[in-house]
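Student: Residue numbers (my numbering), protein chains in the order written: chain A, -8 to 105; chain B, 12 to 126.
This is the structure in structure tokens:
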């Protein structure tokens, strides 16, 4: 069975500082990997996805993530955080051929200090 | 724009009533849709996979008779919470898509509050 671990429950960064959110997954082969952002009371918005190929993936809103097979990780990064980035971030893993069904991590809450 | 529409976004009702939540795919046909439940400050938990024209597949521990799923067309899946009680209060999110090398598209969620 697949699983996702987001080690950091809550992260606080200053506006303009860099950000890295950690994600580790467990899956027998190369999974599909996703990062989503959720604002309070809202649904999920896809930031970026990895299926195969280039391990550095660019997403929306200036986010990127790097797939590292040896570490079973898919960490999300942003060079300069904006106050509007404050939200809940979820890493998810999907099994190819499972019709898109995803397993989600517990999420990381990002707070941005002025 | 949104590719998955979920309705209603917020519903408050009395204990014992049934509540129906709709999930529509707007720009594509979805033979499979997914229903998730999210408790406050927690992650999404998959409840069931909705299959067009056939029975839904429920995850372990989810009561089939409590959470009725109907996927009558390629663009609509409904989740009915039957005889709802306060413990059913939660945020319910649907998704569609996720085919080969495609991400899921999520609805905006439904906040269900049972009094």
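Here a beta-carbon is modelled for each residue, glycine too, at the ideal position from N, C-alpha and C. Predicted model only: the values in this text are computed from it and were never measured.
Can you name the residues that DSSP bridges to residue 11 of chain A?
Tutor: Beta-bridge pairing links residue 11 of chain A to A:68.
Student: Using the Cβ count rule (16 or more neighbours within 10 Å means buried), how would you classify residue 74 of chain B?
Tutor: By the 10 Å Cβ count, residue 74 of chain B comes out exposed.
Student: For a cutoff of 8 Å on Cβ pairs, would you count residue 125 of chain B as touching chain A?
Tutor: Not an interface residue.
Student: Quick check: what's the CA-CA separation for residue 36 of chain B versus residue 32 of chain A?
Tutor: Taking the straight line from one Cα to the other gives about 20 Å.
Student: So the candidates are A:82, A:77 and A:75; which of them puts its Cα closest to the Cα of residue 146 of chain A?
Tutor: For chain A, the structure presents residues -8 to 105; residue 146 of chain A sits outside this window and is missing.
Student: State whether the stretch 51 to 65 of chain A contacts the stretch -2 to 8 of chain A, with contact taken as three or more CB pairs (one from each stretch) at a distance under 8 Å.
Tutor: Flag = no, the stretch 51 to 65 of chain A and the stretch -2 to 8 of chain A do not touch.
Student: Could you check which residue in B:104, B:92 and B:95 has the C-alpha nearest to that of residue 34 of chain B?
Tutor: Closest option to residue 34 of chain B, Cα to Cα, is B:104.
Student: Can you tell me the Cα-Cα spacing of residue 80 of chain A and residue 94 of chain B, whole angstroms?
Tutor: Spanning the two alpha carbons is a distance of roughly 33 Å.
Student: With 16 other CB atoms within 10 Å as the buried threshold, where does residue 24 of chain A fall?
Tutor: That one is buried.
Student: Which runs of the beta strand (DSSP E) at least 3 residues long sit entirely within the stretch 16 to 79 of chain B? Give them in chain order.
Tutor: Here the runs fully enclosed are 21 to 24, 30 to 36, 43 to 49 and 55 to 62.
Student: Look at the alpha carbon of residue 67 of chain A and the alpha carbon of residue 28 of chain B, and state the distance between them as a whole number of angstroms.
Tutor: For residue 67 of chain A and residue 28 of chain B, the distance between alpha carbons rounds to 42 Å.
Student: Please list the terminal residues of the continuous beta strand (DSSP E) segment that includes residue 57 of chain A.
Tutor: Residue 57 of chain A -> beta strand (DSSP E) spans 55 to 59.
Student: State yes or no: is the C-beta of residue 34 of chain A within less than 8 Å of the C-beta of residue 72 of chain B?
Tutor: No, these two residues do not count as a Cβ contact at 8 Å.
Student: When the distance is taken between beta carbons, is residue 59 of chain B closer than 8 Å to residue 80 of chain B?
Tutor: For residue 80 of chain B and residue 59 of chain B, yes; Cβs fall inside 8 Å.
Student: Helix, strand or coil for residue 62 of chain A? Go by DSSP, reduced to three states.
Tutor: Residue 62 of chain A falls in the helix class under three-state DSSP.
Student: So residue 6 of chain A and residue 105 of chain A are in contact, right, with Cβ under 8 Å, and what is the actual spacing, rounded?
Tutor: Between residue 105 of chain A and residue 6 of chain A the Cβ distance is about 6 Å, and since that is below 8 Å, they are a contact.
Student: For residue 47 of chain B versus residue 56 of chain B, is the C-beta distance shorter than 8 Å?
Tutor: Taking 8 Å as the Cβ cut-off, residue 47 of chain B and residue 56 of chain B qualify as a contacting pair.
Student: Pull up the distance between the alpha-carbon of residue 52 of chain A and that of residue 101 of chain A, whole angstroms please.
Tutor: So the alpha carbons of these two residues sit roughly 15 Å apart.
Student: Can you pull the chain A neighbours of residue 117 of chain B, defined as C-beta to C-beta under 7 Å?
Tutor: By Cβ distance, chain A contributes 34 and 35.
Student: How many whole angstroms separate the CB atoms of residue 14 of chain B and residue 116 of chain B, which I take to be in contact at a CB cut-off of 8 Å?
Tutor: That belief holds up - the Cβ atoms of residue 14 of chain B and residue 116 of chain B are roughly 5 Å apart, short of 8 Å.
Student: Skipping 5 residues on each side, what residues in its chain have a beta carbon closer than 6 Å to that of residue 97 of chain A?
Tutor: Excluding sequence neighbours, residue 97 of chain A sits near -3.
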